[in-house]
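A.B. asks: Going line by line, the protein sequences match chains E, Z, H, D, X and U. Using full-length UniProt numbering, the letters of the first sequence correspond one by one to residues 1 to 131. Using full-length UniProt numbering, the letters of the second sequence correspond one by one to residues 1 to 131. Using full-length UniProt numbering, the letters of the third sequence correspond one by one to residues 1 to 131. Using full-length UniProt numbering, the letters of the fourth sequence correspond one by one to residues 1 to 131. Using full-length UniProt numbering, the letters of the fifth sequence correspond one by one to residues 1 to 131. Using full-length UniProt numbering, the letters of the sixth sequence correspond one by one to residues 1 to 131.
Protein chains: 6
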Amino acid sequence: MATVKLLSDEEAAPEARAVFDDIRASRGTDYVNNFWRALAHNPDELTDVWARIKRVMAPGALDPLTKELIYIAVSAAHGCGYCLHSHTASARNKGMTPEMHAELLSVIAMASRTNALATALQVETDDRFLA
Amino acid sequence: MATVKLLSDEEAAPEARAVFDDIRASRGTDYVNNFWRALAHNPDELTDVWARIKRVMAPGALDPLTKELIYIAVSAAHGCGYCLHSHTASARNKGMTPEMHAELLSVIAMASRTNALATALQVETDDRFLA
Amino acid sequence: MATVKLLSDEEAAPEARAVFDDIRASRGTDYVNNFWRALAHNPDELTDVWARIKRVMAPGALDPLTKELIYIAVSAAHGCGYCLHSHTASARNKGMTPEMHAELLSVIAMASRTNALATALQVETDDRFLA
Amino acid sequence: MATVKLLSDEEAAPEARAVFDDIRASRGTDYVNNFWRALAHNPDELTDVWARIKRVMAPGALDPLTKELIYIAVSAAHGCGYCLHSHTASARNKGMTPEMHAELLSVIAMASRTNALATALQVETDDRFLA
Amino acid sequence: MATVKLLSDEEAAPEARAVFDDIRASRGTDYVNNFWRALAHNPDELTDVWARIKRVMAPGALDPLTKELIYIAVSAAHGCGYCLHSHTASARNKGMTPEMHAELLSVIAMASRTNALATALQVETDDRFLA
Amino acid sequence: MATVKLLSDEEAAPEARAVFDDIRASRGTDYVNNFWRALAHNPDELTDVWARIKRVMAPGALDPLTKELIYIAVSAAHGCGYCLHSHTASARNKGMTPEMHAELLSVIAMASRTNALATALQVETDDRFLA
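1) Are the CB atoms of Leu84(X) and Thr3(H) nearer to each other than 8 Å?
2) Find the residues of chain U that neighbour Asn42(Z), judging by a C-beta separation of less than 7 Å, and give them in chain order.
3) Which chain Z residues are close to Asp48(X), counting only those with a beta carbon under 7 Å from its beta carbon?
4) Let's test the definition: count the other Cβ atoms within 10 Å of the Cβ of Arg52(D) and tell me whether it reaches 16, buried, or not, exposed.
5) Any idea what DSSP makes of Ser86(E), helix, strand or coil?
6) Can you pull the chain E residues whose beta carbon is under 7 Å from the beta carbon of Thr119(U), in chain order?
7) Residues of chain X with a CB under 8 Å from the CB of Cys130(Z): which are they?
8) Leaving out the 5 sequence neighbours to the left and right, which residues in its chain are closer than 8 Å to Arg128(H) when beta-carbon positions are compared?
9) For a test of the three-state rule: what should DSSP assign to Ser57(X), helix, strand or coil?
10) Nearest to Val107(D) by alpha carbon, out of Asp22(H), Ala61(H), Thr47(H)?
11) At a CB-CB cut-off below 7 Å, which residues of chain E make contact with Lys67(Z)?
12) Taking Cβ-Cβ distances shorter than 8 Å, what residues in chain E pair up with Glu45(X)?
13) What does the Cβ neighbour count give for Leu130(D), buried or exposed, with the cut at 16 atoms within 10 Å?
14) Relative to the C-alpha of residue 162(U), which candidate in Leu46(U), Lys5(U), Met1(U), His101(U) has its C-alpha closest?
15) Ends of the alpha helix (DSSP H) at Lys67(X)?
16) Note down, in chain order, every chain X residue with its Cβ under 9 Å from the Cβ of His85(D).
17) Between the Cα of Ser90(U) and the Cα atoms of Ile70(U), Val49(U), Glu124(U), which residue gives the shortest distance?
18) Which residue spans inside the region 16–56 of chain X form an unbroken alpha helix (DSSP H) run of at least 4?
19) Can you tell me whether DSSP reads Thr119(H) as helix, strand or coil?
20) Check each candidate in Glu10(Z), Tyr31(Z), Phe20(Z), Ser75(Z) and name the one with the smallest Cα separation from Leu117(E).
21) Given a cut-off of 8 Å on the beta-carbon distance, is the pair Ser86(Z) and Phe35(Z) in contact?
22) Taking 8 Å as the cut-off, decide whether the C-beta atoms of Val32(X) and Thr114(U) are in contact.
23) Closer than 8 Å, CB to CB, is Glu15(D) near chain H or not?
24) Within this structure, are the beta carbons of Thr66(E) and Thr29(Z) separated by less than 8 Å?
25) Taking all protein chains shown into account, do 16 or more other C-beta atoms lie within 10 angstroms of the C-beta of Ser8(U), making it buried, or fewer, making it exposed?
26) Does any C-beta atom of chain H lie closer than 8 Å to the C-beta of Ala116(Z)?
27) For Glu99(E), does the three-state DSSP call read helix, strand or coil?
28) Shorter than 8 Å from the beta carbon of Thr88(D) to some beta carbon of chain U?
29) Can you check whether the C-beta of Arg113(U) is within less than 8 Å of a C-beta belonging to chain X?
30) For Asp9(X), which three-state DSSP category applies?
31) Quick one: grab the DSSP three-state call for Met110(H).
32) Using only the alpha-carbon positions, how far apart do Ala58(U) and Gln122(D) sit?
33) Just tell me which of Asp22(X), Lys5(X), Arg27(X) has its CA closest to the CA of Arg37(X).
34) Within a Cβ cutoff of 6 Å, which residues of the same chain sit near Ala73(D), ignoring the five residues on either side of it in sequence?
35) With distances taken between CB atoms, is the gap from Glu124(D) to Met110(H) smaller than 8 Å?
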């Protein structure tokens with residue numbers, strides 16, 4: 001259970017309800033997931049996060065699926081269970097195959113391993129990486 | 001400075017030197033970076049990490065550049081400075097443009113923000129993400 | 001479920017039970033929450049944590065509510081669900097309003113975002129911050 | 001050294017330079033610190049972070065100094081050295097006394113200790129915290 | 001629930017089933033725990049993790065119980081609930097007494113506290129530690 | 001550079017100087033390392049940390065060297081550079097051989113890898129680990 005009540009459409013402030021409506025319209029679904037309903041206690045943050053995430057995750061120099069894979073990687077390193085479930089679902093919706101998922105996890109595992117080794121050893125950065 | 005001496009070719013055990021040689025051959029360079037020279041005190045780990053990283057980062061369902069972007073994302077979340085410098089350099093070598101770098105950072109920043117919110121609110125995972 | 005059994009008053013060692021009694025007296029309640037019952041397997045740590053937390057969270061240069069907000073911020077960054085639930089409850093008991101909670105979360109989200117950016121970019125500290 | 005060049009006013013794009021100018025005007029100083037100069041490679045993120053941080057850190061239900069203390073707490077838990085230096089300086093500018101700094105650190109240390117214990121023990125959340 | 005289906009012996013690929021069989025033989029049990037069944041979607045990673053963990057956790061300069069204590073310490077710092085439950089069970093199987101568990105937790109708590117203080121203060125490393 | 005001045009014996013308050021003296025006496029050295037000199041701005045925390053660390057790191061159900069190895073593991077996972085340098089030095093003083101150091105690092109790397117996988121997959125804990 002969340003530390004706040006999940007707000008229904010009726011309970012949410014008009015500014016928050018407008019975000020719910022835009023989520024529905026943008027995604028072509030009636031469903032608004034729990035994250036947004038919890039965040040609706042803070043309509044300013046809700047509005048800003050939603051506007052920003054639409055912009056950041058849009059196609060650009062990187063395609064939307066690649067962006068979802070990066071999102072999963074960050075969420076795994078931070079241990080955010082909610083984020084892992086929701087963005088793994090998003091990545092599948094955007095075309096992540098089981099093979100891509102498997103390779104994503106192997107890269108995350110590899111980076112976690114060498115991150116730990118480089119940190120534990122406090123390896124100094126090579127001059128050539130600083131050039 | 002690292003917590004161990006960086007081993008030169010002469011100081012490294014034969015098993016470690018063989019890895020140094022394979023790094024040079026695989027990358028077409030004479031340079032072996034500090035991470036491997038620090039890890040050479042542990043030839044078993046060195047050999048295993050190098051063999052695994054070659055396999056994991058090879059082209060597959062995901063291309064090598066996408067894998068480097070994921071590596072940077074994990075390293076940022078773990079705060080590994082060495083890893084960020086070395087894999088940002090690798091990503092550039094594999095074709096990461098300034099525009100791609102900028103978008104990568106915006107996705108990392110976005111995920112860090114929503115990870116923090118979902119965690120601080122302890123949002124429960126929607127049933128539909130568990131199906 | 002915890003990795004250890006939660007100890008009842010009857011099961012706890014006398015040193016641990018004395019802490020349970022002091023928790024009840026200090027808080028004016030009969031309830032001793034799970035954290036203390038799990039920690040009771042280690043009476044030395046239990047006694048020391050309880051003595052220290054009473055001292056650290058007492059009014060001083062910072063008021064107790066501000067200290068709870070800081071506690072929530074640290075717990076969010078560490079991803080400790082138990083701590084987030086218990087200290088969000090404590091903060092409400094000490095006067096945290098929904099508006100304060102909303103702003104707390106926005107600061108946590110902001111810091112998480114710029115922490116990620118400064119780390120991913122490995123920005124060097126300005127001399128003037130070191131003066 | 002950062003993974004990107006710190007951009008001077010001359011090197012920055014007009015959109016980024018406008019942010020630099022607003023930083024100077026808002027703070028009443030000629031100095032633009034390194035974080036913003038590194039972020040200037042990504043004018044969209046720079047503009048958005050700056051606009052958001054001005055809004056989030058403004059006086060509200062929480063005062064600006066309390067917000068800086070929360071920022072330091074998050075930055076400590078994430079291990080962001082740059083952020084710790086810059087926000088410790090900001091907190092001092094906004095009135096943090098040595099006594100407040102000492103208590104802030106004691107709360108951060110306390111939370112880190114109990115976060116670790118609750119996590120290592122995997123203590124289940126009490127029903128009453130979920131009510 | 002995991003983000004992937006836990007694979008039964010019948011559902012797993014032959015390479016993954018061979019790992020399941022080796023887990024059973026090595027441990028003298030019929031039970032294969034959930035981690036391996038989730039990882040079986042990625043037979044290459046499954047095979048490599050299992051081979052490596054057998055080698056790393058074997059008796060050497062450090063005994064297997066000490067290695068489990070270190071594993072728990074890392075898992076606590078990363079907040080991995082699954083890992084804490086499974087490796088606390090393993091440590092008990094290898095002889096961890098309640099007294100050892102209590103002291104392990106006190107060291108983890110101590111380190112988390114001083115890690116937070118040294119980081120928040122950004123203490124510079126003494127020259128003598130670098131010699 | 002630290003976010004606070006490192007205090008000399010002359011600058012430290014009497015309560016802090018008494019801790020410095022006890023550090024010297026306990027360790028049989030004239031040297032007081034930077035961590036304690038930074039922490040001396042907060043004599044209450046300094047006194048409490050020093051008293052607690054002496055007790056927690058003393059021989060008990062676990063020997064002092066094993067405790068240092070656990071300390072290093074936690075410090076690596078938290079990315080505390082100061083702590084890694086100082087506790088790697090301590091561990092060597094207490095008898096950590098290069099072979100033990102190598103195996104310690106391999107266990108840290110292994111745990112970091114499986115922590116990442118179990119978290120990314122959100123594997124549910126087996127009932128038998130909860131019994």
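Ideal Cβ placement from N, Cα and C applies to all residues, glycine included.
C.D. replies: Walking through what the data contain:
1) For Leu84(X) and Thr3(H), yes; Cβs fall inside 8 Å.
2) Going along chain U in sequence order, the residues near Asn42(Z) (Cβ under 7 Å) are Ala102, Leu105, Ser106.
3) The contact set of Asp48(X) on chain Z, defined by CB atoms closer than 7 Å, consists of Arg52 in chain order.
4) It counts as buried.
5) Note: Ser86(E) maps to helix in three-state DSSP.
6) Below the 7 Å Cβ cutoff, chain E contributes Ala76, Gly79 as neighbours of Thr119(U), in chain order.
7) Just to set this straight, residue 130(Z) is Leu in the shown sequence, not Cys. Under the 8 Å cutoff, chain X gives Met1.
8) Cβ neighbours of Arg128(H) within its own chain (closer than 8 Å, five residues either side excluded): none.
9) In the sequence as displayed, the identity of residue 57(X) is Met instead of Ser. Met57(X): coil per DSSP, three-state reduction.
10) Cα-wise, what sits closest to Val107(D) is Ala61(H).
11) Within 7 Å Cβ-Cβ: Val107.
12) Close partners of Glu45(X) in chain E (Cβ separation under 8 Å): Ala102, Leu105, Ser106, Ala109.
13) Burial call: exposed.
14) Only positions 1 to 131 of chain U appear in the structure, and residue 162(U) is not among them; the question remains open.
15) Per DSSP, Lys67(X) belongs to the alpha helix (DSSP H) from 64–78.
16) Within 9 Å Cβ-Cβ: Gln122.
17) Of the listed residues, the one whose Cα sits closest to Ser90(U) is Ile70(U).
18) Uninterrupted alpha helix (DSSP H) stretches at least 4 residues long and entirely within the region 16–56 of chain X occur at 34–39, 43–56, given in chain order.
19) Helix.
20) Looking at the Cα atoms, Ser75(Z) is the closest of the given residues.
21) The Cβ-Cβ distance between Ser86(Z) and Phe35(Z) falls below 8 Å.
22) Annotated as distal: Val32(X) and Thr114(U), with beta-carbon spacing of 8 Å or more.
23) At least 8 Å separates the CB of Glu15(D) from every CB of chain H.
24) No; because the gap between Cβ atoms is not below 8 Å, this pair is not in contact.
25) Here Ser8(U) is exposed, its C-beta having fewer than 16 other C-beta atoms within 10 Å.
26) Ala116(Z) counts as touching chain H.
27) Looking at Glu99(E) - three-state DSSP - the assignment turns out to be helix.
28) The beta carbon of Thr88(D) sits closer than 8 Å to some beta carbon of chain U.
29) It does; some Cβ of chain X falls within 8 Å.
30) Three-state DSSP puts Asp9(X) in coil, outside helix and strand.
31) Residue state, collapsed to three classes: helix.
32) Those two C-alpha atoms are separated by around 26 Å.
33) Closest by alpha carbon: Lys5(X).
34) Cβ within range, chain order: Ile108.
35) The answer is no: Cβ separation not under 8 Å.
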